[in-house]
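I have placed the structure first, in the form of structure tokens, so that the comments after it can refer back to it.
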């Protein structure tokens, strides 16, 4: 109903504007035609009058001139002291008292023009046309019929045009009403014509796509949280029930509290990681960009791990480090470097080495990290960037993790127009190359 109301309002304005334009056009055209006809008659009479006066000066009479072509479509008379002294055969006597100059006598169907020229103070010549068909009146009659008819045709065509314009809008309204939190499959077919309606439909479909991605992201977050929090919550509940079942020793209480604290810290890290995965998208990431020094970020992260490196007797070599800045999200960039370095340290045994490089090549930024760790089986390399994916190996069961680190790295790189390459061999180590497009 609201769309029909809009249609009728637009149609009403279209009718008013079109009626006004046609009425103004009809009036202007009628005035132009009338003026044009009057000017033609006046010009014709002036020329005839000038010619007759010139001939009279050469001792010709109206009777002589009446036989010539010049007086075929006009009548003339010579008036002296208010009396006609000479006239053509059909001269109308009722116009001898007209004032000097051009005069037009108008009836419903005909026009009669006259022109009076003073020859001497007491003598004047009067020229008048025969009855002329009043074309202006014919035009007026035509416009009275034509304008309403044309208005009806234009209103009909306007109604069809408005329907064509509003149909996609009605479709958008209908589809929008179908959308719900559980139903985002609806999109509108994109028309072929490149116009504002196509832009509106494309924008609507993109909005649906963004909403769908947002809902899917929320669903994934809810699913991931409910799935991954079960284990730590079960442990916390078990430790609390164990402590409260009967009086325990200080050592036992301390052990239970320590376990609960560890599980709480794990849950906190899990939630932070999951929120980091859902916080940014392609639509909002660039709003968070700022100039970031990659080498400074990298050195800060390495400094954070110095204590762990010493504990495991791992040597970290910086093979190449260029001063590089880029527009990026500092939180995600820190997370990329931090997760990759953290994984290398966690999965590298004691007394081994890690090599790091940061440099530009072919106008691209390269970050390279190689470790001498336990390596990744070939069949798992393509899957390790999936959420919560961990290689099931007896050698890394003691290493804590949720399998989110490389998933965060992959998503963060995609948001920065970058990609990751991973090579690995069992018991030889892993090489990772990250490439940022400048």
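Numbering (our numbering), first residue to last: 21 to 458. For each residue, glycine too, the CB sits at the ideal point set by N, CA and C. Source: prediction; values computed, not measured.
With DSSP as the reference, identify every bridge partner of residue i, one or two as the case may be.
i	result
residue 379	386
residue 346	312
residue 46	Residue 46 is not bridged to any residue.
residue 373	335
residue 103	100
residue 456	385 and 438
residue 445	449
residue 109	DSSP lists no partner for residue 109.
residue 149	94
residue 122	135
residue 341	378
residue 391	374
residue 140	143
residue 130	153
How many Å lie between residue i and residue j at the Cα?
i	j	result
residue 157	residue 92	25 Å
residue 172	residue 68	47 Å
residue 348	residue 278	38 Å
residue 142	residue 97	14 Å
residue 314	residue 404	25 Å
residue 323	residue 363	16 Å
residue 50	residue 165	14 Å
residue 438	residue 454	7 Å
residue 187	residue 181	10 Å
residue 416	residue 334	Caution is warranted here: a pLDDT of 48 is assigned to residue 416, below 50, making its placement in the model unreliable, and no coordinate value can be reported.
residue 422	residue 295	Bear in mind that a pLDDT of 46 at residue 422, under 50, signals an unreliable position, so the number given afterwards is only what the model happens to contain. For residue 422 and residue 295, the distance between alpha carbons rounds to 14 Å.
residue 9	residue 213	Nothing about residue 9 can be reported from this structure: the residues present for the chain run from 21 to 458 only.
residue 259	residue 288	18 Å
residue 76	residue 99	13 Å
residue 59	residue 35	36 Å
residue 450	residue 211	50 Å
residue 343	residue 394	31 Å
residue 369	residue 328	12 Å
residue 55	residue 45	15 Å
residue 318	residue 207	45 Å
residue 162	residue 64	27 Å
residue 26	residue 66	59 Å
residue 446	residue 193	58 Å
residue 332	residue 367	11 Å
Can you check which of these residues, the options, is closest to residue i by C-alpha distance?
i	options	result
residue 185	221, 172 and 169	221
residue 39	110, 167 and 66	167
residue 432	232, 396, 351 and 53	351
residue 456	385, 82 and 321	385
residue 126	61, 81, 84 and 175	61
residue 427	365, 123 and 402	402
residue 345	372, 316 and 361	316
residue 195	336, 109 and 225	225
residue 109	260, 231, 77 and 86	86
residue 236	276, 301 and 268	301
residue 253	285, 306, 74 and 356	285
residue 381	371, 80 and 341	341
residue 33	392, 217, 366 and 178	178
residue 73	147, 26 and 123	147
residue 400	442, 391 and 365	442
residue 398	119, 239 and 448	448
residue 48	320, 435, 265 and 159	159
residue 312	305, 436, 52 and 353	353
Label residue i either buried or exposed according to how many other C-beta atoms from any shown protein chain fall within 10 Å of its C-beta, with 16 as the threshold for buried.
i	result
residue 135	buried
residue 105	exposed
residue 37	exposed
residue 176	exposed
residue 444	buried
residue 150	exposed
residue 374	buried
residue 216	exposed
residue 78	exposed
residue 169	exposed
residue 392	buried
residue 41	exposed
residue 355	buried
residue 82	buried
Considering only residues of the same chain and omitting the five flanking positions on each side of residue i, which have a CB-CB separation below 6 Å?
i	result
residue 154	129, 130 and 131
residue 256	280 and 283
residue 107	97
residue 137	69 and 145
residue 123	134
Excluding five sequence neighbours on each side, which residues of the same chain lie with their C-beta closer than 7 Å to the C-beta of residue i?
i	result
residue 413	At residue 413, the pLDDT of 46 sits below 50, so the modelled position is not reliable and the matter cannot be decided from this model.
residue 383	458
residue 360	389, 429 and 452
residue 263	273 and 276
residue 30	182
Just to confirm, does residue i get its C-beta within under 7 Å of one of the non-hydrogen atoms of the ligand FAD?
i	result
residue 220	Ligands displayed in this structure: none; no statement on the ligand FAD is therefore possible.
So, for residue i: in the same chain, excluding its five sequence neighbours on each side, which residues have a beta-carbon less than 8 Å away from its beta-carbon?
i	result
residue 330	none
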